[in-house]
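Protein chains in written order, with our numbering: chain Z, 1 to 264; chain A, 1001 to 1236; chain Y, 2001 to 2236.
See structure below.
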Amino acid sequence: MGGAAEGDIALRLADEALILDIDGFEGPLDLLLTLARRQKVDLRRIPILQLAEQYLRFIEAARGLRIELAADYLVMAAWLAYLKSRLLLPPDPAEEGPSAEDLAAHLAFQLERLEAMREAAARLMARDRLGREVHARGAPEAATIARSRQYTASLLELMQAYARLRTRDDFRPYAFDRPDVLPLEAALERLRMRLVDSGDWLELAQFLPPGWRAPGKRRRSAVASTFAASLELAKQGQVDLTQAESFGPLRLRRAAGRGRSHDG
Amino acid sequence: MMDDTQDGGQGCGQDGGHAPAPPTPGLFPVPPLAEQERMIEAVLFASAEPVSMADLTRRLPEGCDVAEALAHLRRRYAGRGVVLTRAGDAFAFRTAPDLAWLLHSEQVEQRRLSRAAIETLAIIAYHQPVTRAEIEEIRGVAVSRGTIDQLLELEWIRLGRRRMTPGRPVTFVVTEAFLDHFGLESARDLPGLKELREAGLLDSRPLPGGPGAAEDDSEAGEDAGISPDQRALFDD
Amino acid sequence: MMDDTQDGGQGCGQDGGHAPAPPTPGLFPVPPLAEQERMIEAVLFASAEPVSMADLTRRLPEGCDVAEALAHLRRRYAGRGVVLTRAGDAFAFRTAPDLAWLLHSEQVEQRRLSRAAIETLAIIAYHQPVTRAEIEEIRGVAVSRGTIDQLLELEWIRLGRRRMTPGRPVTFVVTEAFLDHFGLESARDLPGLKELREAGLLDSRPLPGGPGAAEDDSEAGEDAGISPDQRALFDD
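Structure follows, in structure tokens:
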């Protein structure tokens, strides 16, 4: 029993070490492959059930450490949990689609294929390469061979030119829409900065950014955002709000005893 | 034979339009093979980039046996400090790899490729023609911005034919410049290609319901395995 | 002379850092003359400039007889398509003078296509057959005659059928030469906008609903999300 518990601890520590590397992984398949390699068995004979458990334990450990994982890691976890349950339960004859064994075999195939591609990539990069081990004529005598190369343009340039033209159209309506909305964050930021400058009562309208004051859509958005921002700051105790009468102008100032410390 | 002479005359007329007139074929005898060899030697030596068979044929006088002259030239340079290499349908002189140590000072600074770019390149080379969805299926992650551009910019990959499946996705294939860079005569010479294929690791084997089975793949369903395009690329 | 020996030793040490170790001078026998010839052949071939005798001596392993190897090499290339020439104290390979005509036509200046030309070309490739008015509508500016002429001259575009609309305007389509230059099998293989975006080929300008949009805005702070780029866009 004690031995098993120790083994668990060792595994948990190993998982935590992996979690620290999470940014280095290129997605869940990469992580699964790393876990599989740790088992030191032929990928073709990898026990998928065990691998699924390892992965799930890993995800749980990451959660325990309050590490935020990208959604695809969680999607994989959900799928592996499903696979695991299907592998453990007797097959349901009514169920359609691939069997649990087929799914497991496919995952093993994916891992093996990814590993094979990595090895192929390494072998490719290790070849004698032009400009490194092998060299072209250092002083070519003809400018080029093809006459059409008088003017050059690459496919990438061509596609980017097209994309530039076409997205300009896509972009326009969007560009007209967005600038009419003052984000709450921007309003908060502006309010905070202004309140440090002055401890006097100021009307809400005086906090509107330049360019947002003329009547119209932009002003409405700026007023709404600035109002929401002032409520937020009032909640945090950073500003005092006052309104002399119903529908009268809203005034605000830095909460007493705040901000002055900045001025010394 | 009569037609040959005819065609020769026409072909030459076109070529002559831009360039100091080459010896007009038909009027002059075809140069002897040794002379053809010299000409190809001069053209290939003068260019830093591989020259295609078609280009060589166009540039040499009508009636030359470019393939034969190339074979002679290749034998002549076998084992020399400079060797005749082939990349796809094009030929170039390159320094012998065993002399790399001597040419250290000629090394050009090469852009470092990210791991994602290297893997994507290998996947395109071994699985070509391959769609973006397939690359993502194999790597298990989305193709990130910049990866494909970088490979296109290096001119190591280009667009292949669209896949004849719903959505008709674009495909990627490797280029002659790729073959030249990695010292490969053709995509069939990729290291370990045969073993990978025999192990079934180059099959596209989508599994509906699996986490990696992208929508595009389930669509591809029918033509799983080696597409006709791929056959054409590797088996010719 | 003492300095030369010194340099030779250092050069070798550096080279040994990668690749099959070069014979360490003094410890290993001098390579045979044929091998020295190969080495000089490779160095001269790969160098962008003629290489001096002193340089060759420094780069080759200690004890090589550079003058003798050069003489051999020169004889080997005598009468070939490429010859070993001497200019002052330096050596280089040059095309045999009698074959200069083979290269003559290729001495052309390389220029990048203007932005107007590449945009026009892109529109023709994506929308062919397309009329001039349509090109102008997509580009938002008039297409100058020169741009179309340049593309016609490059033989990247040609005239297509006339459009059966009032005025029967001419249309433009891309040519085989275009496909050749851009490594395409057909213009239909060009990726569409959605594919360009998915492959990460669009520059990082935010797109409607794109994930980048929100971040860009919050960064702009005081300016309430209007970047200079955007301003330029709706001011024009």
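Note that beta-carbon positions come from the ideal geometry of N, C-alpha and C, so glycine has one too.
Predicted model only: the values in this text are computed from it and were never measured.
Near-chain Y residues of the stretch 150–165 of chain Z - C-beta to any C-beta below 9 Å: 150, 151, 152, 153, 154, 155, 156, 157, 158, 159, 160, 161, 162, 163, 164 and 165
Cβ of residue 2048(Y) within 8 Å of any chain Z Cβ: yes
Per-residue DSSP class, three states only, for residue 251(Z): strand
The stretch 1107–1117 of chain A touching the stretch 1067–1075 of chain A, judged by at least three CB pairs closer than 8 Å: no
Chain Y contacts from the stretch 1185–1197 of chain A (Cβ-Cβ distance under 8 Å): none
Residues sharing a beta bridge with residue 240(Z), DSSP: 253(Z)
Same chain only: Cβ atoms within 8 Å of residue 243(Z), ignoring 5 sequence neighbours per side: 249, 250 and 251
The stretch 2026–2041 of chain Y: positions lying closer than 8 Å to chain A by Cβ: 2037, 2038, 2039, 2040 and 2041
Cutoff 8 Å: residue 1173(A) Cβ touching any chain Z Cβ: no
Candidates 167(Z), 220(Z) and 160(Z), of which the one nearest residue 184(Z) by Cα: 220(Z)
Exposure of residue 64(Z), with buried meaning 16 or more beta-carbon neighbours within 10 Å: exposed
Inter-residue spacing [alpha-carbon to alpha-carbon] between residue 2053(Y) and residue 121(Z): 41 Å
Members of the stretch 49–67 of chain Z near chain Y, C-beta cut-off 7 Å: none
Inter-residue Cα distance where the pair is residue 2162(Y) and residue 2170(Y): 4 Å
Residue 1105(A), DSSP secondary structure in three states: helix
Against chain Y: residues of the stretch 1096–1129 of chain A by CB proximity under 7 Å: 1096, 1098, 1099, 1100, 1101, 1102, 1103, 1104 and 1106
DSSP state of residue 202(Z) mapped onto helix, strand, coil: strand
Within-8 Å CB hit, residue 2063(Y) to chain A: no
CA-to-CA distance, residue 167(Z) to residue 194(Z), given in whole angstroms: 38 Å
Neighbourhood of residue 1059(A) by C-beta, 7 Å cutoff - its chain only, sequence neighbours within 5 removed: 1043
Spatial distance of residue 1057(A) from residue 1177(A) (CA atoms): 20 Å
Contacts around residue 1072(A), its chain only, beta-carbon distance under 6 Å, and the 5 residues preceding and following it disregarded: 1037
Contiguous beta strand (DSSP E) assignments of at least 3 residues, all confined to the stretch 1125–1176 of chain A: 1157–1159 and 1171–1174
Of the listed residues 1117(A), 1101(A) and 1123(A), nearest to residue 115(Z) (C-alpha basis): 1123(A)
Within chain Z, the residues that residue 1153(A) reaches when beta carbons sit closer than 9 Å: 154 and 156
Distance CB(residue 2158(Y))-CB(residue 2143(Y)) smaller than 8 Å: no
CA-to-CA distance, residue 2092(Y) to residue 25(Z), given in whole angstroms: 50 Å
Member of 1149(A), 1184(A) and 1034(A) whose CA lies at the smallest distance from the CA of residue 1125(A): 1184(A)
For residue 1092(A), the residue or residues it bridges with in DSSP: 1085(A)
The stretch 1092–1104 of chain A / the stretch 35–49 of chain Z touching (three or more Cβ pairs under 8 Å): no
Those runs of the alpha helix (DSSP H) which lie wholly inside the stretch 10–59 of chain Z and span at least 4 residues: 28–38
Residue 130(Z) - DSSP class collapsed to helix/strand/coil: strand
Candidates 253(Z), 69(Z), 100(Z) and 222(Z), of which the one nearest residue 83(Z) by Cα: 100(Z)
Inter-residue spacing [alpha-carbon to alpha-carbon] between residue 2228(Y) and residue 187(Z): In this predicted model, residue 2228(Y) has a pLDDT of only 33, less than 50, meaning its place in the structure is not dependable; the value taken from the coordinates is given anyway. Each residue's Cα considered, the two are about 20 Å apart.
Continuous alpha helix (DSSP H) stretch holding residue 110(Z): start and end: 100–125
Nearest candidate by alpha-carbon position, reference residue 1138(A), set 106(Z), 210(Z) and 161(Z): 106(Z)
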